[in-house]
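Numbering (our numbering), first residue to last: 58 to 450.
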Amino acid sequence: MSVTTIPINSASFAATDLCVKCGLCLPHCPTYRLSRDENASPRGRLALMQAVAENKLGFTPALRQHLDQCLGCRRCERVCPAKVPYGRLLDDFRAAMPRRTGLAGLARRVLANTAGRAALAAAARGYARSGWRPVLRRFVPLGLEVLAHQAKAPALQAHYPALGTETARVALFVGCTGAWLDADTLRAAIAVLTRLGAAVALPAGQGCCGALQWHAGDRAAAAPLLENNRRAFAGAEVLVSFASGCGAFLQEQTGAAKKVLDLSRFLLDLAWPAAVALQPLPIKVGLHTPCTLADAAAAAELLCRIPELTLLPLPSQPACCGAAGTYLLEHQDSARRLRDEVVEQIAASGVDCVVTSNVGCAGHLRAGLAARGMAVEVLHPVMLIARSMGWNP
Ligand code: SF4
Ligand code: SF4
């Protein structure tokens, strides 16, 4: 077995000592629920990080695997009574781990640059149209199947004026995937925002938020992406994101310097013109809450404004659908098992459609529902608000 040491700043891992080993986080950890292995639990991973930081344990492939298999969902952090900053510790530890290439690393590099994204979108569209898809489905990586359900190429403007009196201005974060993997959501967001009196800007030069790179420990790759967006959004007071993972990361990185709001929260807090009336949608909707969506109540509250819509929150377990950025590329088995559990819950609930506020979860669930032969739409909440306003892409 190869044992190495890694350059690690022991002081930044002092917070591992806060863990009192109570185990309250274990039932909330998706990877522990799957494996029942202490090394795949938050408590176990904290103990491993602490032992390496204190030079009591070398860095081995097995140890790497335990840390790699963490989804980074931070469900453990939310329930921890000792307030262990698990997410920060995991990010710091991964940043100290030796870099690895592989499919997920390649995907992160491709998503970070414009030409790479265009080529990937074209490949996904070609695959989606291919008559061989039913045969190839069993062999292609889970990620390509996810992309095939979504890849589109919309034409975008830099600015969309408010319809009627302008009451707000907003800079919309599109990121690396919003324009082609979540094109309908983007168009619906623009339609709803402008209808409600907000002028929408899509600042030029914006791009990938860098969350995938950062959480994988590749800070050198994340830094220029963060700087790029800092410049692109320098003049914006409020930045609105319709992908919860990107929004959470941008808020964490910008801190008090910039207000980053999830789209549902922004829509909820807008003063709606009296002339805007939502039409009834007599459907049963399953509400999926992504791990990265801190303001989960906003989506529910927003959807409850639609007359005759019945909202049904999906069960809180498994706490993560298994998409988790590029996790679904590296850990396909766990990603499938977690997803299929959610798909079973959707099937049992009898809902007409599912809403989620994250593009990664949406794609992963769509692919899972299609694989099970279920024609259940997976949409961002704004899509239903738009439909209730009479808009369709
Ligand atoms: S809940 Fe917090 S203190 Fe308890 S075992 Fe988990 S990480 Fe440690
Ligand atoms: S971040 Fe998620 S997968 Fe990782 S230890 Fe915490 S709960 Fe488990």
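Ideal Cβ placement from N, Cα and C applies to all residues, glycine included.
Model, not experiment: these values are computed from the prediction.
Cβ pair residue i, residue j closer than 8 Å
i: Pro347; j: Ser298; result: no
i: Pro138; j: Cys79; result: yes
i: Trp271; j: Asp148; result: yes
i: His437; j: Val411; result: no
i: Pro452; j: Glu398; result: No information on residue 452 is available, as it lies outside the stretch 58 to 450 that the chain covers here.
i: Leu441; j: Leu360; result: yes
i: Met81; j: Tyr89; result: The sequence shown places Leu at residue 81, rather than the Met named in the question. The answer is no: Cβ separation not under 8 Å.
i: Arg322; j: Ala355; result: yes
i: Asp326; j: Ser301; result: no
i: Phe70; j: Leu146; result: yes
i: Cys303; j: Gly420; result: no
Residues near residue i by beta carbon distance below 7 Å, same chain, minus five either side
i: Gly221; result: Gly254, Pro330
i: Tyr384; result: Leu128, Ala392
i: His388; result: Gln126
i: Thr62; result: Gly115, Phe116
i: Gln310; result: Leu283
i: Leu213; result: Ala236, Leu259
Residue i beta carbon near ligand 2 (any heavy atom closer than 7 Å)
i: Gly129; result: yes
i: Thr88; result: yes
i: Cys79; result: no
i: His421; result: no
i: Pro99; result: yes
i: Tyr384; result: no
i: His123; result: no
i: His26; result: No information on residue 26 is available, as it lies outside the stretch 58 to 450 that the chain covers here.
i: His388; result: no
Proximal residues to residue i (C-beta, below 8 Å), its chain only, five neighbours per side dropped
i: Phe290; result: Ala228, Phe230, Pro260, Gln263, Leu296, Lys315
i: Ala248; result: Ala443, Met446, Trp448
i: Cys377; result: Pro87, Leu128, Cys130, Arg132, Cys348, Leu395
i: Leu105; result: Asn96, Leu114, Leu120, His123, Leu124
i: Ile403; result: Gly343, Leu371, Val411, Leu422, Leu426, Met431, Val433
Cut-off 6 Å between Cβ atoms - residues of its own chain near residue i, not counting five sequence neighbours on either side
i: Ala293; result: Ala228
i: Gly274; result: Arg151, Ala152, Met154
i: Pro337; result: Pro364, Glu365
i: Ala256; result: Pro218, Ala219, Glu223, Arg226
i: Thr234; result: Val416
Cβ distance (whole Å) where residue i is taken to contact residue j below 8 Å
i: Leu422; j: Arg396; result: 7 Å
i: Pro364; j: Leu335; result: 6 Å
i: Val24; j: Gly343; result: The structure shown has nothing for residue 24, since the chain only spans 58 to 450.
i: Ala357; j: Leu350; result: Ala357 to Leu350, Cβ: 11 Å. No contact.
Proximity test, residue i beta-carbon vs ligand 1 heavy atom, cut-off 7 Å
i: Pro138; result: yes
i: Val141; result: yes
i: Cys265; result: no
i: Cys133; result: yes
i: Leu103; result: yes
i: Cys25; result: Any question about residue 25 goes unanswered here, given that the chain covers just 58 to 450.
i: Cys82; result: yes
i: Cys378; result: no
i: Cys348; result: no
Original post:
For the segment 85-136, which segments carrying the alpha helix (DSSP H) assignment without a break, of at least 4 residues, lie completely within its bounds, in sequence order?
Top reply: 87-92, 99-110, 118-125, 132-136
**OP:** Only counting runs of 4 or more residues, tell me where the alpha helix (DSSP H) segments fall wholly within the segment 347-395, in order along the chain.
**Re:** 353-360, 384-387
Subject >> Runs of beta strand (DSSP E) lying entirely within the segment 230-291, each at least 3 residues, in chain order >> reply: 255-258
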